[in-house]
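**Student:** Sequence order for the protein chains is Z, V, W and B.
Here the first sequence stands for residues 1 to 182, where the numbers follow our numbering.
Here the second sequence stands for residues 183 to 364, where the numbers follow our numbering.
Here the third sequence stands for residues 365 to 546, where the numbers follow our numbering.
Here the fourth sequence stands for residues 547 to 728, where the numbers follow our numbering.
In this text, a Cβ means the ideal position worked out from N, Cα and C, and glycines have one as well.
There are 4 protein chains.
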Amino acid sequence: MNASRATRFRLCLLATGGTIEKTYDAHEGRLVLGQPVIEHLVDGLTHPDIAIDIQRLMAVDSLDMQADERAAVVARIQAIEQAGTADAIVVTHGTDTLATTARAIAQQIPHPTCPIILTGAMRPYRVADSDATQNMAQAIMAARLVAPGVYGVLHGRVIAAERIEKDYERLTFIERDDVDRS
Amino acid sequence: MNASRATRFRLCLLATGGTIEKTYDAHEGRLVLGQPVIEHLVDGLTHPDIAIDIQRLMAVDSLDMQADERAAVVARIQAIEQAGTADAIVVTHGTDTLATTARAIAQQIPHPTCPIILTGAMRPYRVADSDATQNMAQAIMAARLVAPGVYGVLHGRVIAAERIEKDYERLTFIERDDVDRS
Amino acid sequence: MNASRATRFRLCLLATGGTIEKTYDAHEGRLVLGQPVIEHLVDGLTHPDIAIDIQRLMAVDSLDMQADERAAVVARIQAIEQAGTADAIVVTHGTDTLATTARAIAQQIPHPTCPIILTGAMRPYRVADSDATQNMAQAIMAARLVAPGVYGVLHGRVIAAERIEKDYERLTFIERDDVDRS
Amino acid sequence: MNASRATRFRLCLLATGGTIEKTYDAHEGRLVLGQPVIEHLVDGLTHPDIAIDIQRLMAVDSLDMQADERAAVVARIQAIEQAGTADAIVVTHGTDTLATTARAIAQQIPHPTCPIILTGAMRPYRVADSDATQNMAQAIMAARLVAPGVYGVLHGRVIAAERIEKDYERLTFIERDDVDRS
């Protein structure tokens, strides 16, 4: 017999910008953060038993993320985590300072009660051969499976916040050995 | 400091056909299982620390899968699992009898030493609005995170083999309550 | 100095169905003519000085087009041509009997006052590697350039109605030499 | 009866760069002219009776095109036109100075013996919602239909070289009234 789950998994998705959301502006002749993209990306995925609440915080290139902006991201996550309104939180973020934000969250919330996953993309969703769909899909899958904690998810890897490092040569995330290096 | 994992995660991907691999044959004017597709799907994903070994078993619509074909799928999985050459196994399969094959595997291999994940798609990879990329990406992510066992992964859900059921109305997989119903 | 044309080119686009409009029905597990597609195809093109009026006549596979349906297509074209409300007419049609309809139009309207272009596709618009966009774009371009008459346009070729023949081996349209063969 | 044309239509396609060929460089985090794209665009089109000879001249943003580079483009076209080896010539070019190059060609070749068509795109081929495929398809169609001369083809419009003007507001080409303004 079939019994559908009465409650769906509650996922809070916080959008902060980053390469994943860049789109081509034909007037300026370059990629910009001009319009929301995450909503369309999620729309193209199928998650019948996940209630996805998208909250748009900002739309910045993470290289330009200011201290107060990063603090705002951390504060929002803390508020959601404390309210207990989400079974997991996924944050889309530029890859350049994703590790910095991850560590800030881990520091501020040393014992989270739910998984907090940061992801992004090396190629914008609206550009050919993008890794955006894969990363978003895998971040959502990981959000349902990992123990509470703060992680980065990219290219099929789940890495604890303290260990995330961007590999600029191979354009992916890797796991560093030295835990104490912030 | 950065230390790359010397050993990559070893994933064995067995392709059996199904809707996920159907392509349009302009001569016949319909979708057919005429050429391998899984290889291209995987090629479009980025998994720098996963060694993906694709083995093509067959290319059948799962409604047409014969007893001996299903047995061949189970036998191959058993051989790989026993050889210990894979850290996880993902099987792409038609959705109509994916549950049947999953249960056959669970029966034959009651205590697997690695995750065995079955997935597929409701819409072919080579057709608009396909769920193929999402399901493959999430199956691979789940293969790295779940405990050894036999599961179906589709649309962001991980369901134990004994509980998988295809929901023909909503065109997804659901989890049944009644474990003893085979 | 720039002077924009006060009057835009008036294109009437009649949709009759055909392979070009087939979409995947996940319930039936096959391609069907279930929802309008031409509107989306045209939406994806940019024609700032063409006023495109889409009229949906029917949605049939051209192999199944009945005599009265074909007559309805011809009658509608005749009405538009006589009313003089279009500078050109483009008809999307299944490729199997496109030539038949083209000849019926040419017979009924021996001296058209505008170009009448029939086109379609060998692969549906909503399937990978489709020729739909190319054919639609080229049919619209031809509609602006050719002398009044009845033509089939496919794969970069413009062929007079009496000469159109479907090449089932190479899956394209060719021009036959023998004009009198209807 | 079917008689295939013994001689195919000979199209010479000269690639000079421009927005149409820009691709995302994940290392630099921006769009660049780093790899040839026109070959792939043409590969995705179907032209069974056109022999397309692609000649890559350069890969520059047309805002940066130097006088000697523009002269090289004109010289190559002149050589091909004089040799009579092409039934038509299509040039892919950045849209910013496409009009300049068109006029230079028209000046150098006042009585061409074949159509010479310049086209490009407002959005790169490898970016979402690109007009590249439409413009290329329509440029090729126009090359078969127009009288010998020099033209710009974009967004379904064919404009004589002397009249082409880029509309920076609506991001398309328009036809100016004043012929003598170079």
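What is the DSSP secondary structure of B/E567, reduced to helix, strand or coil?
**Tutor:** Look at B/E567 here: in three-state DSSP terms it is helix.
**Student:** Counting only Cβ-Cβ distances shorter than 7 Å, please list the residues of the segment 42-54 of chain Z near chain V, keeping chain order.
**Tutor:** From the segment 42-54 of chain Z, only L45, T46, H47, P48, D49 and I50 have a Cβ closer than 7 Å to chain V.
**Student:** Please name the residue or residues paired with V/P297 in a DSSP beta bridge.
**Tutor:** V/G331
**Student:** May I ask you to report which of helix, strand or coil DSSP gives W/Q419?
**Tutor:** strand
**Student:** Would Z/A15 be called buried (16 or more neighbouring beta carbons within 10 Å of its own) or exposed?
**Tutor:** buried
**Student:** Going by alpha carbons, who is nearest to V/S312 out of V/H229, V/R285, V/H337 and V/A343?
**Tutor:** V/H337
**Student:** Kindly say whether Z/T172, judged by its beta-carbon, lies nearer than 8 Å to any beta-carbon of chain V.
**Tutor:** yes
**Student:** Take the Cβ of V/G266 as the centre, count every other Cβ of all protein chains shown within 10 Å, and call the residue buried at 16 or more, exposed below.
**Tutor:** exposed
**Student:** Beta carbon of W/R487, beta carbon of W/E526: below 8 Å?
**Tutor:** no
**Student:** Taking DSSP as the reference, what is the three-state secondary structure of B/E711?
**Tutor:** Note: B/E711 maps to strand in three-state DSSP.
**Student:** Looking at the secondary structure, which residues open and close the beta strand (DSSP E) in which V/L213 lies?
**Tutor:** R212 to V214
**Student:** Does B/V692 have its Cβ less than 8 Å from a Cβ in chain W?
**Tutor:** yes
**Student:** Hey, could you find the ends of the beta strand (DSSP E) W/I538 is sitting in?
**Tutor:** T536 to E539
**Student:** Mind checking which residues open and close the alpha helix (DSSP H) that includes Z/R76?
**Tutor:** A67 to A83
**Student:** What did DSSP end up calling V/E291 once you bin it into helix, strand or coil?
**Tutor:** Checking the displayed sequence, the identity of residue 291 of chain V turns out to be Ile instead of Glu. Coil at V/I291, not helix or strand.
**Student:** Looking at C-alpha atoms only, which residue of Z/S62, Z/V146 and Z/A106 is the closest neighbour of Z/A75?
**Tutor:** The residue among Z/S62, Z/V146 and Z/A106 with its C-alpha nearest the C-alpha of Z/A75 is Z/A106.
**Student:** W/T371: which of W/D413, W/I444 and W/P479 sits nearest, CA to CA?
**Tutor:** Residue W/D413 is the option with its Cα nearest to W/T371.
**Student:** To which residues does DSSP link B/I634 through a beta bridge?
**Tutor:** Correcting the residue type first, residue 634 of chain B is Ala in the shown sequence and not Ile. Bridge partners of B/A634: B/L557.
**Student:** Near Z/D43, which residues of its chain fall below 7 Å by C-beta distance, leaving aside the five closest residues on each side in sequence?
**Tutor:** none
**Student:** What's the C-alpha gap between W/T459 and W/G484?
**Tutor:** 6 Å
**Student:** By the criterion of Cβ-Cβ separation under 9 Å, what are the contact partners of Z/V158 in chain V?
**Tutor:** At a beta-carbon threshold of 9 Å, the residues of chain V lying near Z/V158 are M323, R326 and L327, ordered along the chain.
**Student:** Going along the chain, which residues of its own chain have a beta-carbon closer than 6 Å to the beta-carbon of Z/Q55, five neighbours each way excluded?
**Tutor:** L14
**Student:** For V/R190, return the contacting residues in chain W, with the cut-off set at a CB-CB distance below 8 Å.
**Tutor:** When 8 Å is used as the limit between beta carbons, V/R190 is near no residue of chain W, the shortest such separation being about 30 Å.
**Student:** Could you give the residue range of the beta strand (DSSP E) that holds V/V340?
**Tutor:** Here the beta strand (DSSP E) through V/V340 covers R339 to A342.
**Student:** Determine whether the Cβ of Z/D131 lies closer than 8 Å to any Cβ atom of chain V.
**Tutor:** For Z/D131, the answer is yes, since a Cβ of chain V falls inside 8 Å of its Cβ.
**Student:** In the DSSP assignment, find the unbroken alpha helix (DSSP H) run with V/V309 in it and report its ends.
**Tutor:** Unbroken run through V/V309: none, as it is neither H nor E.
**Student:** Using the rule of at least 16 other Cβ atoms within 10 Å of the residue's Cβ for burial, across every protein chain shown, is Z/T113 buried or exposed?
**Tutor:** exposed
**Student:** Check the Cβ-Cβ distances between B/M668 and every residue of chain Z, and say whether any is below 8 Å.
**Tutor:** yes
**Student:** Give me the residue from B/A618, B/E715, B/A693 and B/A597 with the minimum Cα distance to B/T657.
**Tutor:** According to the sequence shown, residue 657 of chain B is His rather than Thr. Nearest of B/A618, B/E715, B/A693 and B/A597 to B/H657, Cα basis: B/A693.
**Student:** How many angstroms separate the CA atom of W/I473 from the CA atom of W/V455?
**Tutor:** Their backbone Cα atoms lie some 15 Å apart in a straight line.
**Student:** For the alpha helix (DSSP H) containing B/V583, name the first residue and the last one.
**Tutor:** From DSSP, B/V583 is part of no alpha helix (DSSP H); its letter is neither H nor E.
**Student:** What whole-angstrom Cβ distance do W/T497 and B/T679 have, given they're in contact under 8 Å?
**Tutor:** Sure, about 6 Å apart at Cβ, within 8 Å.
**Student:** My understanding is that B/M611 touches W/M505, with C-beta atoms under 8 Å, so please give their C-beta distance in whole angstroms.
**Tutor:** Not a contact, Cβ separation roughly 27 Å.
**Student:** Using DSSP with H/G/I as helix, E/B as strand and the rest coil, what is B/T643?
**Tutor:** Residue state, collapsed to three classes: coil.
**Student:** Below 9 Å on C-beta distance, what does W/V491 contact in chain V?
**Tutor:** T205, Y206, L213, P306, R308, V309 and A310
**Student:** Would Z/A137 count as contacting chain A if we go by Cβ distances under 8 Å?
**Tutor:** No chain A appears in this structure, whose protein chains are Z, V, W and B.
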